[in-house]
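Heads up: the structure comes next, in structure tokens.
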Amino acid sequence: MALDDARQWLDKIRALPLTSPVRIMNVCGGHERSISMAGLRSALPDMIDLIPGPGCPVCVCPEEDIYQAIQIGLNEPDSIVVAFGDMLRVPVNVSSKSVRSLEQAKAAGADIRPIASPSEAVRIAKSEPGKTVVFFVAGFETTCAPVAGMLAEGIPDNLLLLMSGRLTWPAVAMLLDYETPSFDALIAPGHVSTVMGPEEWQFVVDRHGFPAAIAGFTPDSLLAAIYSVLRQKLDGRIFLDNCYQQVVKPHGNPTARRLIESTLTIVDAPWRGIGIIPASGLELRADYAQHNARLRFPVHAENARKNAGAMPPGCDCARVVLGRIKPVDCKLYGVSCTPRSPVGPCMVSDEGACRIWWSSGIRTRSAEHEETTCT
Amino acid sequence: MALDDARQWLDKIRALPLTSPVRIMNVCGGHERSISMAGLRSALPDMIDLIPGPGCPVCVCPEEDIYQAIQIGLNEPDSIVVAFGDMLRVPVNVSSKSVRSLEQAKAAGADIRPIASPSEAVRIAKSEPGKTVVFFVAGFETTCAPVAGMLAEGIPDNLLLLMSGRLTWPAVAMLLDYETPSFDALIAPGHVSTVMGPEEWQFVVDRHGFPAAIAGFTPDSLLAAIYSVLRQKLDGRIFLDNCYQQVVKPHGNPTARRLIESTLTIVDAPWRGIGIIPASGLELRADYAQHNARLRFPVHAENARKNAGAMPPGCDCARVVLGRIKPVDCKLYGVSCTPRSPVGPCMVSDEGACRIWWSSGIRTRSAEHEETTCT
Amino acid sequence: MITEHSFSDTYITLAHGNGGRFMRELIEHLFAKYLDNAWLDTRADAAAMPFDESDFELMITTDGFTVDPLEFPGGNIGSLAIHGTVNDLAVAGATPRYLSLNAFIEEGLEIAVLDRLIRSMAEACRECGVDIVAGDTKVLRRGQGGGVYFAVTGVGQRNRSINLGIDKIQTGDCILLSGTAGDHGCAVLLAREQFGLSGTLKSDAASVFPVTRALLDLPGLRFMRDPTRGGIATVAHEMASAVAGTVKLVETAIPINEQVKTVAEILGYDPYYLACEGRVMAVVGAGDAEEALKRMRGAGCSEAAIIGEVQDGRTQVILETALGGERILEELEDDPLPRIC
Amino acid sequence: MITEHSFSDTYITLAHGNGGRFMRELIEHLFAKYLDNAWLDTRADAAAMPFDESDFELMITTDGFTVDPLEFPGGNIGSLAIHGTVNDLAVAGATPRYLSLNAFIEEGLEIAVLDRLIRSMAEACRECGVDIVAGDTKVLRRGQGGGVYFAVTGVGQRNRSINLGIDKIQTGDCILLSGTAGDHGCAVLLAREQFGLSGTLKSDAASVFPVTRALLDLPGLRFMRDPTRGGIATVAHEMASAVAGTVKLVETAIPINEQVKTVAEILGYDPYYLACEGRVMAVVGAGDAEEALKRMRGAGCSEAAIIGEVQDGRTQVILETALGGERILEELEDDPLPRIC
Amino acid sequence: MCLAIPMQIASINGSRAVCSIKGIEREVSLFLLQDEPIGIGDYVLIHVGYAIQKISAEEARSTWELLDQMLTEDAQHA
Amino acid sequence: MCLAIPMQIASINGSRAVCSIKGIEREVSLFLLQDEPIGIGDYVLIHVGYAIQKISAEEARSTWELLDQMLTEDAQHA
Ligand code: SF4
Ligand code: SF4
Ligand SMILES: [Mg+2]
Ligand SMILES: [Mg+2]
Ligand SMILES: [Mg+2]
Ligand SMILES: [Mg+2]
Ligand SMILES: [Mg+2]
Ligand SMILES: [Mg+2]
Ligand SMILES: [Mg+2]
Ligand SMILES: [Mg+2]
Ligand SMILES: [Mg+2]
Ligand SMILES: [Mg+2]
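As structure tokens, then:
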């Protein structure tokens with residue numbers, strides 16, 4: 001049924017009288033993944049260019065934070081580091097002989113466990129009272145809401161958090177403030193909007209005059225949103241469309257927003273490869289200082305560590321994440337950087353733009369994508 | 001060479017004009033084991049009856065102490081119990097479905113490790129600073145001396161001791177105070193004397209007029225001692241002979257004795273199956289209260305536990321240990337009690353009289369040993 | 001020629017045992033490098049070797065079995081060890097005869113559990129018509145190892161006239177799957193009660209010998225394999241490499257249980273990489289594909305389907321999506337981890 | 001008739017894997033109870049079974065290998081796995097031909113170590129003239145498991161005219177040992193660097209095929225076995241049970257390395273229970289004993305000796321001590337533990 | 001990011017619930033929907049084990065559908 | 001009890017020593033012999049990893065040997 005709907009939307013898009021290329025950015029790795037899983041790029045008209053933006057919390061998670069999580073696992077006695085599975089393979093900037101990821105730390109003897117819910121972090125902490133459980137949280141608003149819920153419900157003394165929460169809209173706002181934005185229309189993230197409400201994205205339309213639509217994660221919802229922004233552009237009627245009304249309600253989930261406000265605080269925060277974006281991070285409020293792994297443990301990053309926080313040499317993730325170049329435009333893409341041995345974070349996560357492009361079969365610039373430079 | 005010596009001693013013994021049976025007691029499991037390993041019982045004239053006495057620290061170790069060690073291993077979080085290997089299989093008086101020995105506690109998940117030296121206890125404690133290491137010490141003077149050395153050299157904070165040290169001579173004194181002692185002559189323990197000096201055994205000769213000789217652990221030394229006590233009896237010249245002059249020096253090892261005195265204190269102590277023998281136990285001095293597992297942990301033995309400290313029903317270990325009956329005289333011997341499923345402690349240790357007799361091939365009273373009742 | 005290979009890792013990780021590329025490279029560049037001989041083929045399910053002068057070849061296969069938990073809906077590690085070994089012989093075209101069994105048992109395992117495992121093993125042997133003729137047990141020090149590991153070697157016989165092999169695959173051949181994909185992997189995952197998930201799904205673990213026997217005299221039969229660790233995507237990759245072409249799978253044609261789809265969605269896994277333990281992937285000349293399908297169904301595989309074909313093109317596995325788009329199914333890199341994204 | 005057996009334990013302990021009585025009972029009353037069939041003989045080193053109509057029987061054996069540490073003077077778990085498997089075929093009178101290999105590798109093992117192990121394995125294969133023709137690897141979650149376990153199945157061929165077996169043993173037969181007892185068990189113990197002990201002793205691990213081949217056509221040859229787990233005392237027990245008589249070993253005749261004697265003394269162990277991995281215990285009619293000894297020595301076993309004989313009497317193993325006394329060698333109850341007494 | 005799927009509430013126990021979809025059950029937290037009227041049979045969107053929103057029965061649609069419909073109606077009325 | 005064996009001191013490092021016998025070495029503590037003059041080459045008796053006494057070269061003998069000898073000499077002198 002949804003599939004029939006998707007076909008209908010596809011037909012409607014194909015029927016649109018597009019005359020020039022349109023670059024549509026999404027800022028949600030889940031969108032990017034659905035696009036790729038459903039093979040939308042190959043199904044859509046060539047004129048439409050789907051551009052992944054800074055939508056992967058794994059890719060933008062600061063290198064220093066991952067390094068810190070690894071060092072806690074390796075060095076703090078009786079520690080257990082838990083993290084969502086996506087984070088376990090992201091590399092940090094150390095020599096290839098050192099421990100480069102949480103997964104390698106696990107092989108080297110650290111107790112690192114992938115979890116699929118904050119509830120599991122609480123359960124593990126309760127079942128191992130003699131250990132210190134450190135929950136390394138990288139995530140956007142959608143993920144920070146359950147974490148806030150977990151905190152508000154009360155957590156055991158031996159559960160600490162290493163928070164790398166991030167807000168999505170400040171990153172998009174920054175992209176739009178560039179002189180030449182790298183896209184023409186925005187697909188806004190559906191689950192972020194489910195929690196925070198669609199109103200957060202109104203600025204794209206109001207302040208910048210860009211077509212925008214909130215999409216869900218099924219092909220039909222994504223295609224509806226793509227159709228919407230294309231029609232907006234063609235018809236010159238720009239508004240914020242909501243193509244995910246099943247769950248994106250006015251004002252989002254007020255309870256979740258209240259819990260985020262009461263447990264977390266907004267801070268200036270570094271995005272990997274991008275730098276600091278003002279007021280874009282979510283950190284524990286001072287009341288939770290006892291549970292803040294940043295305060296409880298020494299900063300393990302030796303000052304001497306070269307390239308702390310920097311992108312690996314040659315890696316163009318920063319510009320990829322900003323949508324300024326496409327993955328294939330990075331000189332390392334497919335050369336020294338592949339999913340097998342990723343150089344930059346964008347090649348690690350299933351949501352990373354480089355990884356997704358690689359998985360879509362795009363191997364070299366010269367082969368299929370001579371036209372892909374979008375700067 | 002020592003073997004040639006042994007043959008010569010054997011010939012000398014065989015040449016002695018024995019006319020009535022002589023019961024020679026040893027109070028050292030090591031002696032008993034050497035006797036059995038060398039097959040001395042079958043090699044000696046029938047008139048000579050070698051009787052094992054209370055010479056096995058494993059057999060006489062109080063049941064309550066073993067129970068306590070097991071419970072520490074099972075219940076105290078982050079504990080490691082270390083013990084000399086001999087102690088791991090000794091059963092306590094609980095139902096056969098419960099955890100009955102340290103070895104079963106290990107199978108049930110406790111961290112129990114056999115060690116061969118007090119130095120290993122220190123090493124383990126140092127290498128696992130997050131754990132509490134409990135060293136369960138059952139042993140006679142010989143073993144308590146190295147433990148005293150370990151204490152005097154200084155031990156890590158996380159190393160506790162559960163002391164079941166015992167002195168040998170008070171047990172022999174008790175046997176001699178009986179109306180009808182179960183033996184006619186004593187082979188005194190060589191390594192206890194090495195540490196404590198031969199003088200400790202002078203009372204056997206002086207106060208009780210019993211032949212006595214200190215023996216080492218090679219067949220030649222044992223045979224020399226057996227020859228000596230037989231000659232003493234035959235010639236009517238009773239004295240304390242030292243057939244182990246290589247290491248048994250006057251006053252023993254004064255340093256070891258001094259260290260025992262400065263770290264351990266003599267207490268009234270229960271012997272499994274025998275009861276309390278006054279001033280026969282070695283416990284930590286008050287200065288080591290911080291390292292005393294008895295003081296640091298609750299007594300795990302619930303008061304409700306039936307038979308705590310008692311001998312198993314039907315088990316005659318008490319009288320076996322006292323040399324008042326021989327193993328085969330116990331009704332359970334070879335019936336419900338075998339090395340495979342020991343009932344009493346004497347069937348557990350390689351030094352236990354019942355185990356040793358079983359290993360010597362003695363299976364039933366009626367078969368080879370109709371004459372073995374010695375009460 | 002054996003070329004030198006330098007491993008990018010210093011330590012063995014779980015990825016070296018998951019059926020994917022890391023494991024293949026470990027086998028090719030370490031085990032096979034040293035152990036190479038005329039009969040060893042690390043890509044084959046069973047090894048054929050001369051032994052006597054009669055009509056049959058002696059076939060030997062071996063597999064190690066580790067599952068957490070030891071028991072799961074539809075089987076346990078005991079029955080699985082038999083089925084897995086029998087299946088490797090079956091897909092190679094052999095009739096399974098004798099097995100050897102090694103059991104590595106962890107200190108502290110409940111004897112009652114072991115009793116159930118070995119009993120299931122015996123039942124599976126009877127059902128498959130095989131006998132365990134040699135065995136050994138070792139007890140391991142308590143670890144986090146999960147209780148028990150089995151290693152089973154299977155010896156079977158194969159008619160010398162049978163001529164199957166991954167190198168027999170040709171462009172234009174059809175690919176069949178004898179049942180739903182990923183049930184075993186998903187059932188085991190659910191049995192772990194990790195992630196708060198539960199379901200009624202059963203493992204597909206079973207002998208595939210009835211299916212392979214039914215296909216064996218089909219003239220167009222090129223190759224069969226049981227898609228175990230790494231799932232159908234991994235077998236598709238092996239086929240693509242062997243033929244140096246494209247294996248195209250059709251999303252809508254692949255039978256997948258609804259519960260498998262749902263679990264995959266919840267955890268962000270891809271069902272094509274989840275293990276089966278009672279399925280056959282068969283490659284058949286296009287002209288015989290319908291007949292092969294009929295025979296599979298006749299052997300009790302009601303959900304058997306033609307799921308794709310072998311095409312000229314780059315060495316790759318392509319999934320034609322429901323929307324008519326295309327997606328590359330990459331070679332499995334690593335064990336799946338639960339995702340939030 | 002299979003009789004019911006009730007285990008005195010609730011949990012598996014290390015004693016269930018040490019070659020002694022607990023393990024035997026586990027195998028007899030659990031594994032064999034369920035897996036019983038015409039060919040399975042839990043007491044045999046290798047299983048003989050009909051396979052073809054030619055002069056040879058197909059022989060299959062299997063063994064699991066766990067050693068801590070993985071490498072020890074005189075070998076490692078890789079070479080040991082080959083020698084151990086080859087030896088089980090050899091002592092059964094077979095010529096080893098093909099092997100299968102299962103490797104269970106613990107997460108975190110250094111690849112360089114694995115590299116050394118598999119290399120040694122390959123060398124051992126070449127030296128023994130066998131090929132590994134099937135294999136599998138599994139990676140285990142990190143435990144205290146010790147890095148790697150191997151399970152090896154061996155297939156060999158044996159001339160149908162050969163008629164060896166533990167049931168061929170007769171009263172009056174002589175028992176030979178091809179070299180010193182307990183070297184392997186002691187060398188591994190020393191390699192553990194536990195108990196602060198060290199020494200220069202090497203494991204005896206090696207193929208015994210040259211020895212068994214040399215003995216094979218001796219008319220008086222009744223039985224051969226490699227005294228591995230449980231040592232020569234355990235094999236002597238198996239012989240005593242089989243003949244329902246007394247096996248008498250002579251202390252002064254048993255070759256034992258001085259270092260083995262010393263370690264046994266220090267820790268309170270009994271060397272007769274320590275494992276060999278390159279020795280043969282052979283039972284030979286008294287009239288052929290000297291010839292058997294000559295052949296063993298001719299096959300390079302300079303320390304081979306006649307160490308005892310089979311006598312009428314109670315089913316037991318007696319050690320005649322140096323002083324002419326007698327001592328019962330009990331059936332191994334449990335793994336040895338270091339003693340203070 | 002923010003992988004989430006719809007499930008139906010099968011049972012509720014305080015702020016915990018068991019949700020199910022197509023035979024798969026998952027224990028989830030309803031803590032983030034504590035201010036919503038919610039009951040057995042309702043559909044919710046689950047992210048990392050937490051219900052983050054109640055799902056209404058709408059289809060995936062774009063405002064353009066409504067606009068086009070209105071325009072068509074306008075045209076018809078005109 | 002008190003299993004102990006003689007070993008020869010091969011090297012000394014503070015209160016620790018390496019002792020050897022017949023090719024087997026063991027690390028032992030000399031702490032209990034701290035008041036004895038002790039050196040490389042000396043034989044000591046080791047119990048649970050501790051040297052508990054220095055060993056002198058005597059044979060296993062009984063006082064009776066001495067007594068018998070004295071008696072024989074007495075008889076000869078008489
Ligand atoms: S290809 Fe690799 S190095 Fe280049 S931008 Fe992408 S992740 Fe970074
Ligand atoms: S035979 Fe067993 S029950 Fe009887 S005295 Fe000896 S140890 Fe105790
Ligand atoms: Mg196989
Ligand atoms: Mg297989
Ligand atoms: Mg297979
Ligand atoms: Mg075996
Ligand atoms: Mg075998
Ligand atoms: Mg073997
Ligand atoms: Mg064998
Ligand atoms: Mg395999
Ligand atoms: Mg995203
Ligand atoms: Mg004693």
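Protein chains in written order, with the UniProt record's numbering: chain A, 1 to 375; chain B, 1 to 375; chain C, 1 to 341; chain D, 1 to 341; chain E, 1 to 78; chain F, 1 to 78. Think of the CB as a built atom: it goes at the ideal place given N, C-alpha and C, for glycine as much as any other residue. Values in this document were obtained by computation on a predicted structure and should not be read as measured data.
Helix, strand or coil at residue i [DSSP, three-state]
| i | result |
| --- | --- |
| residue 278(C) | coil |
| residue 17(F) | strand |
| residue 191(B) | helix |
| residue 330(A) | coil |
| residue 7(B) | helix |
| residue 1(C) | Any reading at residue 1(C) needs caution, since the residue's pLDDT is 39, under 50, leaving its predicted position unreliable; the model's value is listed next. It is coil, neither helix nor strand. |
| residue 288(B) | helix |
| residue 154(B) | coil |
| residue 31(E) | helix |
| residue 204(D) | coil |
Chain-ordered neighbours of residue i on chain D, where CB pairs are closer than 8 Å
| i | result |
| --- | --- |
| residue 23(F) | 199, 200, 201, 258, 259 and 262 |
Opposing strand residues paired with residue i [DSSP bridges]
| i | result |
| --- | --- |
| residue 47(F) | 4(F) and 50(F) |
| residue 138(C) | 104(C) |
| residue 114(B) | 83(B) |
Cut-off 6 Å between Cβ atoms - residues of its own chain near residue i, not counting five sequence neighbours on either side
| i | result |
| --- | --- |
| residue 286(C) | 172 and 174 |
| residue 50(C) | Model confidence at residue 50(C) stands at a pLDDT of 49, short of 50, so the residue's coordinates are unreliable and nothing is read from them. |
| residue 319(D) | 249, 251, 327 and 329 |
| residue 103(B) | 88 and 89 |
Amino acids of chain A, ordered along the chain, whose beta-carbon sits closer than 8 Å to that of residue i
| i | result |
| --- | --- |
| residue 324(C) | 39 and 43 |
| residue 33(E) | 253 and 255 |
Contacts that residue i makes with chain B (C-beta to C-beta distance below 9 Å)
| i | result |
| --- | --- |
| residue 78(A) | 78 and 130 |
Within chain C, the residues that residue i reaches when beta carbons sit closer than 8 Å
| i | result |
| --- | --- |
| residue 14(E) | Going along chain C, no residue has its Cβ under 8 Å from residue 14(E), so there is no contact; the nearest lies around 15 Å. |
Partners in chain F for residue i, counting only beta-carbon separations shorter than 7 Å
| i | result |
| --- | --- |
| residue 265(D) | 5 |
Where residue i meets chain C, residues with beta-carbon distance less than 7 Å
| i | result |
| --- | --- |
| residue 60(D) | 98, 100, 133, 134 and 155 |
Contact set between residue i and chain F, taken where Cβ atoms lie within less than 8 Å
| i | result |
| --- | --- |
| residue 196(D) | 26, 27, 28 and 49 |
Checklist entry - Mind pulling the alpha helix (DSSP H) runs of 4 or more residues that sit fully within the stretch 61–119 of chain D? => result 77–91
Item to check | Ordered list of alpha helix (DSSP H) runs contained in the stretch 12–63 of chain A, each at least 4 residues | outcome: 29–37, 40–43 and 57–60
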